[in-house]
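Each remark here refers to the structure printed beneath this line.
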Amino acid sequence: MILETKDLHAAYGQSTILWGVDMQVARKQVTTIMGRNGVGKTTLMRTIMGLLKSAQGEIEFNDKAIQGMPTYKRVKSGIAYVPQGREIIPKLTVYENILIGTEALPSGPKTFDEEEIYALFPILKTFRNRMGGNLSGGQQQQLAIARALVGKPQLLILDEPTEGIQPSITLEIADVLKRLIAERDMSILLVEQKLDFAKILTDQYFIMDRGKVVRNFDKENADYEELKSYLSV
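Heads up, this note's numbering is the position in the sequence shown plus 2, with the first residue counted as 1.
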């Protein structure tokens, strides 16, 4: 496993959100967290990244405990995070937004191979000098993923990458994620609400409800009807 959480608890103030989450991310696979809104999926991602301090439990990355590590060290160790809402910087150009991602590199010059990135996301080459805030939602999502990739992560965490994006671009993003698994030996942890998108990519599912993992299964034995019951209101 590249990432594992063990009995992970986290809270906002006095409100506990995660109640002992056990979850594993296999190497060179896509692991997807699913569940209704408000069950703790984003809180789990923020806790893994150190943006929210865990109250109890362990987080292991490459068999090393990281729960006490600051966020920037988790990033430099090889974890990239594309949050829900993308959080690109609207007043910087596409190129400048991507360049910020090189701060995740552990050492060396802060540069990136533009042609390599633009081969994955051709539209970003076209809009290289356009302000990030002037891109569509789908283009901003591609930009956010590109920014994460230039740090050369081993694990890419994506929180609802298809939210508010037209179907044609979600398919383009799915193709890119497949290439990352195949060509870069990357591992991906995905939070997703759209089952049709998840089914294209996912090797292993973890279903959350009320701050806990209540079911998990791999794609070979997935019960999609049961899975849907955890997504419906």
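Yeah, the Cβ is synthetic: ideal placement off N, Cα and C, and Gly gets one too.
Residue i versus the options, residue with shortest Cα-Cα distance
{"i": "Glu228", "options": "Gly37, Ser138, Ala184 and Lys55", "result": "Gly37"}
{"i": "Ile50", "options": "Thr33, Gln69, Val41 and Asn64", "result": "Gln69"}
{"i": "Val84", "options": "Lys93, Ile119, Gly103 and Val96", "result": "Gly103"}
{"i": "Leu20", "options": "Ser234, Asp220, Leu233 and Val215", "result": "Val215"}
{"i": "Tyr74", "options": "Leu107, Ile147 and Arg88", "result": "Leu107"}
{"i": "Val32", "options": "Tyr232, Ser231 and Ile159", "result": "Ile159"}
{"i": "Arg88", "options": "Gly80, Lys78 and Asn99", "result": "Asn99"}
{"i": "Gln16", "options": "Lys30, Ala57 and Arg29", "result": "Ala57"}
{"i": "Met3", "options": "Asp225, Asp211 and Gln206", "result": "Gln206"}
{"i": "Pro72", "options": "Ile175, Asp65, Lys55 and Gln143", "result": "Lys55"}
{"i": "Phe199", "options": "Thr172, Lys93 and Leu191", "result": "Thr172"}
{"i": "Arg212", "options": "Thr44, Lys8 and Thr7", "result": "Thr44"}
Any non-hydrogen atom of the ligand FAD within 8 Å of residue i CB
{"i": "Gln26", "result": "In the structure shown, the ligand FAD is absent, as is every other ligand, since no ligand is present at all."}
Distance between beta carbons of residue j and residue i, contact taken as under 8 Å
{"i": "Leu151", "j": "Gly134", "result": "About 16 Å; that fails the 8 Å criterion."}
{"i": "Tyr232", "j": "Ile209", "result": "5 Å"}
{"i": "Leu122", "j": "Val178", "result": "5 Å"}
{"i": "Gly52", "j": "Leu157", "result": "Not quite, the Cβ-Cβ distance comes to about 14 Å (not below 8 Å), so this is no contact."}
{"i": "Gln86", "j": "Asp161", "result": "4 Å"}
{"i": "Val27", "j": "Leu5", "result": "4 Å"}
{"i": "Asp187", "j": "Lys30", "result": "5 Å"}
{"i": "Gln240", "j": "Ile119", "result": "Outside the shown range of the chain, which is 3 to 235, sits residue 240, and nothing can be said about it."}
{"i": "Leu48", "j": "Val96", "result": "Leu is not the amino acid found at residue 48; the sequence shown has Arg there. The pair is not a contact, with the Cβ atoms about 26 Å apart (cut-off 8 Å)."}
Counterpart residues of residue i in DSSP-defined beta bridges
{"i": "Glu227", "result": "Per DSSP, none; premise fails for Glu227."}
{"i": "Lys8", "result": "Glu60"}
is_contact[residue i, chain C] using C-beta, thresh 9 Å
{"i": "Val152", "result": "Chain labels in this structure do not include chain C; a single protein chain is all it has."}
Check whether the stretch 150–170 touches the stretch 133–140, taking contact to mean three or more Cβ pairs, one atom from each stretch, closer than 8 Å. yes
Could you check whether the stretch 190–209 touches the stretch 27–37, counting it as contact only if at least three pairs of C-beta atoms, one from each stretch, sit closer than 8 Å? yes
Give the list of continuous beta strand (DSSP E) stretches no shorter than 3 residues that lie fully inside the stretch 93–141. none
Spell out a yes or no on whether the stretch 205–222 and the stretch 51–71 are touching, meaning 3 or more CB-CB pairs, one atom from each, closer than 8 Å. no
Every unbroken alpha helix (DSSP H) inside the stretch 135–219 [4 residues or more]: 139–151, 169–186 and 197–203
Please give the ranges of any beta strand (DSSP E) in the stretch 13–97, keeping only runs that are unbroken, at least 3 residues long and fully inside the region. 17–27, 32–36, 56–63 and 81–84
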